[in-house]
Structures are given as structure tokens and as C-alpha cells.
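>
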Amino acid sequence: MFFQKKLDKTMDALKDKKEKADEKYNGMYDDVHIEDLMEKDDKKALYISALITFAPIFIVLIAIMVLVYLW
């Protein structure tokens, strides 16, 4: 490869940068729970949005299964 040295140098720099960031944020969010960050009705909104997203997919799949079974 023509640029192997440059690629290796860049990958090493990115690896060092990631290690420094990991050291900086290590343990910073260990005491934070998801319930502390969510508001009162956030969980209900998540369930409703999941239902709106996945229900049509399941309905179509069930319809296909019924049509294949009856064929």
C-alpha cells in the first residue's frame, strides 16, 4: 500500500486520542441511572412510539403468514 506509514501514524494518533478520552470520562457516569434522567411520562411515550413503529410491521408479517398458510 502506498500510504501505509501515514495510515499507521493516523491510526496510532486516533488510538492515543481515544485512550485519553477514556481516561478522562472513566467512571464519570457510574452513579447516573436512567430513571433519574427520564421525566414522568417518558417511559409511556417510549412504549407508545415503539408500538406505533413495530405494530404495522407485525400486522403485515401476520397477514403474509395467513396468506401463505391459506394458499
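In the numbering used here, the protein residues as written are 475 to 545.
Note that the Cβ used here is the ideal one computed from N, Cα and C, for glycine as well.
1. Taking DSSP as the reference, what is the three-state secondary structure of residue 485?
2. Can you give the Cα-Cα distance for residue 523 and residue 514, rounded to whole angstroms?
3. Please report the distance separating the alpha-carbon of residue 517 from that of residue 526.
4. Roughly how many whole angstroms lie between the Cα atoms of residue 539 and residue 529?
The short version:
1. Mapped onto the sequence shown, residue 485 falls at position 11. Note: residue 485 maps to helix in three-state DSSP.
2. Position 49 of the sequence shown, counted from the first residue, corresponds to residue 523. Position 40 of the sequence shown, counted from the first residue, corresponds to residue 514. Taking the straight line joining both Cα atoms gives about 16 Å.
3. Counting from 1 along the sequence shown, the entry for residue 517 is found at position 43. Counting from 1 along the sequence shown, the entry for residue 526 is found at position 52. In a straight line, the C-alpha of residue 517 is about 14 Å away from that of residue 526.
4. Indexing the sequence shown from 1 puts residue 539 at position 65. Indexing the sequence shown from 1 puts residue 529 at position 55. If I take the Cα positions, the gap works out to 15 Å.
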